[in-house]
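Taking it in order: structure first as structure tokens, then the write-up.
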Amino acid sequence: MEDLEWHQIPTEVLRVKRTPFGNWLRFSVKNSESTIQSRILLLGWLNVPDTQLCFFDKSGKFVSARSGYSNDIEDEKILTNLPHFRIDLEPNENRIFYLFVLSNEDINYRIQIMGLEEFELRKRLRSIISYSIIGIVAIAIFYSLFGYYRFRNFTFVSFLLYIISVLVTFYFLHGRTFAEIAGNTNNLFRHSYFLFLGISYVFLFLYLFSVDKINQRKVYRSVFFWISGALGVLYFLIPLLHSWYDHRILLLVVTVGLSSFYFIRVHYQFFGSNSSIGFLYTASWTVFLVLNIYKTIFHFDFYPFNYFSVFGVVLFLPFHSILISFYLNEFLNRKKSQKLEEKDSIQTRKSTTSSLNVVEIVQGVKNLLEKKKVFLQKSLKEENVAKELGLSLHQLSEIINVEFGNNFPSLINQYRIEEAKKLLLDHPDKTTAEIGSSAGFSSKSAFYMEFKKFTGTNPNAYRRKELKNESTFRKNF
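Residues in the sequence shown are numbered from 924 upward in steps of one, following our numbering.
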């Protein structure tokens, strides 16, 4: 050991490339106290199948201890303890230690020495935080199941699948390694983050599909939408093929870009929402996805370990899951209420006209428009026509909407435009402003706007075209 070449690490975070045969680290610890001191050496990452701490005691005897998930160590069944060793130092003793680390990933975490009490406190905090996250997410899951029971909407199922896949991803990163359960022989199992990252990516697109479907934006009908969602399975190739690992940043850029693009397209109407709950929904998703991307970049090994990048999205997950499950329930409840209100409104409208002779009233409306040409009156109002027919304003509006497929102003303007088209050809010497006034329009601008809406052209162009066609027809005849 002494003959090996050692390189000093100046930073607090240990960041070195792993080797297939493991990495050796050397450090010294000195006890300046007059009493025996006990400390804990803690490795800040779970995905370490084997690690060994070696030293020579005062008598020159070689001593070693092992840790890591491949060793038979009594541990919790749900949460695995981080690899650690106990160090006991005699008064004024200075000891050199050699730490062997066989890691599944490049080493990019802190290795710390702390007191026994601090270590126990960290263990308790880790358990409390982990079980609290699981508990809060479980509440969100049950609330979403309740929402599915109420509304029978697939959006709740897709959201549950996504949240559970994210929770499982975090669990196998920070709670218990997947390789510890499934075996340490498969490279995909040893790097399970890429496995569950791909699964959660696919479920995110499934959620976007369900949200898009209830909003009837039809983004999901594009084949590119489904191709983009299927790209998540390519994450599986990163730990399996060296060429994919070398170009993993390209896959990350493509998938993050596509998921962000489709998320915005599906949720576009939410960004302009005046509703406070709608704002919280979009804000929560934005924060969650940004934090998740930040964490993903770390796991792709593009910057050193820091607590915010690793645990920020993990701590935000329970609040996000609760908020979104609450919003989905509120959103679908409002949608259901709107449908009931529309149904009641239709029934109310039917009840207001059910006692009337609709056929006779329709004929009366046509008589006023086609024979009496009431639309030529510039000051004509719907109330005047309703009074003429002996109806209420609401009854007349309903009959025009149902029987003519139009509202009152559009129906009147339709007749005025037809009248104007005749006048334009019958009186080529009159100006368009005069024609518009004769047809019942109160201003030239209103006439031009409505004429363009109904014919797709302006009055002058219409007149020139029709007169030219008429002249050509006469010559040919």
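Just so it is clear, CB atoms sit at the ideal spot from N, CA and C, and this is done for glycine as well.
Where residue i and residue j are concerned, what is the direct C-alpha to C-alpha distance, given to the nearest angstrom?
{"i": "valine 1233", "j": "leucine 1005", "result": "15 angstroms"}
{"i": "serine 1226", "j": "valine 1024", "result": "The sequence given here has tyrosine at residue 1226, not serine. If I take the Cα positions, the gap works out to 21 angstroms."}
{"i": "isoleucine 1335", "j": "serine 1145", "result": "41 angstroms"}
{"i": "threonine 1168", "j": "asparagine 1252", "result": "A small fix is needed here, since residue 1168 is tyrosine in this sequence, not threonine. When rounded, the distance between both Cα atoms is 41 angstroms."}
{"i": "proline 1351", "j": "glutamine 1139", "result": "49 angstroms"}
{"i": "glutamate 1283", "j": "asparagine 1290", "result": "10 angstroms"}
{"i": "leucine 1330", "j": "glutamate 1321", "result": "It is worth fixing the name first, because residue 1330 is asparagine in this sequence and not leucine. Taking the straight line joining both Cα atoms gives about 9 angstroms."}
{"i": "valine 1134", "j": "serine 1053", "result": "30 angstroms"}
{"i": "phenylalanine 950", "j": "serine 990", "result": "18 angstroms"}
{"i": "valine 1297", "j": "glycine 1328", "result": "20 angstroms"}
{"i": "aspartate 1349", "j": "glycine 1287", "result": "28 angstroms"}
{"i": "histidine 1170", "j": "glycine 1098", "result": "29 angstroms"}
{"i": "arginine 1045", "j": "arginine 1009", "result": "15 angstroms"}
{"i": "glutamate 1028", "j": "phenylalanine 1082", "result": "31 angstroms"}
{"i": "leucine 1173", "j": "serine 1182", "result": "14 angstroms"}
{"i": "arginine 1339", "j": "glycine 1363", "result": "6 angstroms"}
{"i": "asparagine 970", "j": "lysine 1258", "result": "46 angstroms"}
{"i": "serine 866", "j": "phenylalanine 1132", "result": "No information on residue 866 is available, as it lies outside the stretch 924 to 1400 that the chain covers here."}
{"i": "leucine 1279", "j": "serine 1315", "result": "11 angstroms"}
{"i": "asparagine 1392", "j": "leucine 1347", "result": "14 angstroms"}
{"i": "isoleucine 1200", "j": "tyrosine 1094", "result": "29 angstroms"}
{"i": "lysine 1375", "j": "glutamate 1341", "result": "13 angstroms"}
{"i": "alanine 1369", "j": "leucine 1292", "result": "20 angstroms"}
{"i": "serine 1365", "j": "lysine 1301", "result": "6 angstroms"}
{"i": "glycine 1152", "j": "leucine 1255", "result": "25 angstroms"}
{"i": "arginine 941", "j": "serine 1026", "result": "7 angstroms"}
{"i": "lysine 1262", "j": "isoleucine 1216", "result": "38 angstroms"}
{"i": "leucine 1048", "j": "isoleucine 1059", "result": "16 angstroms"}
{"i": "asparagine 1109", "j": "lysine 981", "result": "42 angstroms"}
{"i": "valine 936", "j": "tryptophan 947", "result": "16 angstroms"}
{"i": "isoleucine 1057", "j": "phenylalanine 1079", "result": "18 angstroms"}
State buried or exposed for residue i, treating a residue as buried only when at least 16 other CB atoms are found within 10 Å of its CB.
{"i": "threonine 934", "result": "exposed"}
{"i": "glycine 1121", "result": "buried"}
{"i": "histidine 1114", "result": "buried"}
{"i": "valine 986", "result": "exposed"}
{"i": "threonine 958", "result": "exposed"}
{"i": "proline 1014", "result": "exposed"}
{"i": "alanine 1061", "result": "exposed"}
{"i": "valine 1308", "result": "buried"}
{"i": "glutamate 1306", "result": "exposed"}
{"i": "lysine 1344", "result": "buried"}
{"i": "histidine 1317", "result": "exposed"}
{"i": "asparagine 1076", "result": "buried"}
{"i": "isoleucine 1051", "result": "exposed"}
{"i": "arginine 1073", "result": "exposed"}
{"i": "phenylalanine 1069", "result": "exposed"}
{"i": "isoleucine 1150", "result": "exposed"}
Output needed for residue i: all residues of its chain with C-beta closer than 6 angstroms, excluding positions within five of it in sequence on either side, in chain order.
{"i": "phenylalanine 1042", "result": "Ile963"}
{"i": "alanine 1105", "result": "Phe1112"}
{"i": "asparagine 1031", "result": "Arg938, Phe1228"}
{"i": "glutamate 1016", "result": "Asn954"}
{"i": "leucine 1319", "result": "Ala1309"}
Given residue i, which residues of its chain have a CB within under 7 angstroms of its CB, disregarding the five upstream and five downstream residues?
{"i": "arginine 1188", "result": "Val1142"}
{"i": "serine 1166", "result": "none"}
{"i": "phenylalanine 1211", "result": "Val1236, Phe1239, His1243"}
{"i": "leucine 1039", "result": "Ser961, Ile963"}
Of all the options the options, which has the alpha carbon lying nearest to the alpha carbon of residue i?
{"i": "proline 1162", "options": "Arg949, Phe1119, Arg1144", "result": "Phe1119"}
{"i": "valine 1177", "options": "Leu1154, Lys1258, Asn1215, Leu937", "result": "Leu1154"}
{"i": "threonine 1003", "options": "Gly1070, Gly967, Ala1206", "result": "Gly967"}
{"i": "threonine 1205", "options": "Leu1022, Ile1247, Leu1214, Leu1083", "result": "Ile1247"}
{"i": "proline 1332", "options": "Phe1008, Leu1303, Lys1000", "result": "Leu1303"}
{"i": "asparagine 954", "options": "Asp1011, Gln1300, Lys1375, Gly1328", "result": "Asp1011"}
{"i": "glycine 945", "options": "Leu969, Val952, Gln975", "result": "Gln975"}
{"i": "histidine 1190", "options": "Ile1323, Thr1209, Tyr1071, Lys1345", "result": "Thr1209"}
{"i": "serine 1067", "options": "Leu1348, Phe1249, Val1285, His1317", "result": "Phe1249"}
{"i": "isoleucine 1064", "options": "Glu1311, Ile1245, Leu1096, Val971", "result": "Ile1245"}
{"i": "glycine 1313", "options": "Thr1092, Asn1324, Val1281, Glu1373", "result": "Val1281"}
{"i": "isoleucine 1137", "options": "Leu1096, Gln1192, Glu956", "result": "Gln1192"}
{"i": "phenylalanine 1184", "options": "Val936, Leu1164, Phe1147", "result": "Phe1147"}
CB-CB under 8 angstroms to residue i, same chain, minus the five flanking residues each way: which ones, in chain order?
{"i": "phenylalanine 1159", "result": "Leu1111, Phe1117, Leu1118, Gly1121"}
{"i": "glutamine 1035", "result": "Leu964, Leu965, Gly967"}
{"i": "tyrosine 1371", "result": "Thr1355, Gly1359, Asn1381, Pro1382"}
{"i": "tyrosine 1085", "result": "Ser1123, Phe1126, Leu1127, Leu1129, Tyr1130"}
{"i": "phenylalanine 1337", "result": "The residue you asked about is not phenylalanine; residue 1337 is glutamine in the sequence shown. These residues qualify, in order along the chain: Asn1329, Phe1377."}
{"i": "phenylalanine 1020", "result": "Arg949, Phe950, Ser951, Val952, Leu964, Leu976, Cys977, Phe978, Ile1010"}
{"i": "leucine 1175", "result": "Thr1219, Ile1220, Phe1223"}
- Counting Cβ pairs, one atom from each stretch, are 3 or more of them under 8 angstroms apart for the region 1353 to 1360 and the region 1373 to 1384? yes
- Task: Assess, as a yes-or-no matter, whether the region 1210 to 1224 is touched by the region 1232 to 1248 under the definition of 3 or more beta carbon pairs within less than 8 angstroms.
- Result: With contact defined as three or more Cβ pairs closer than 8 angstroms, the region 1232 to 1248 and the region 1210 to 1224 are in contact.
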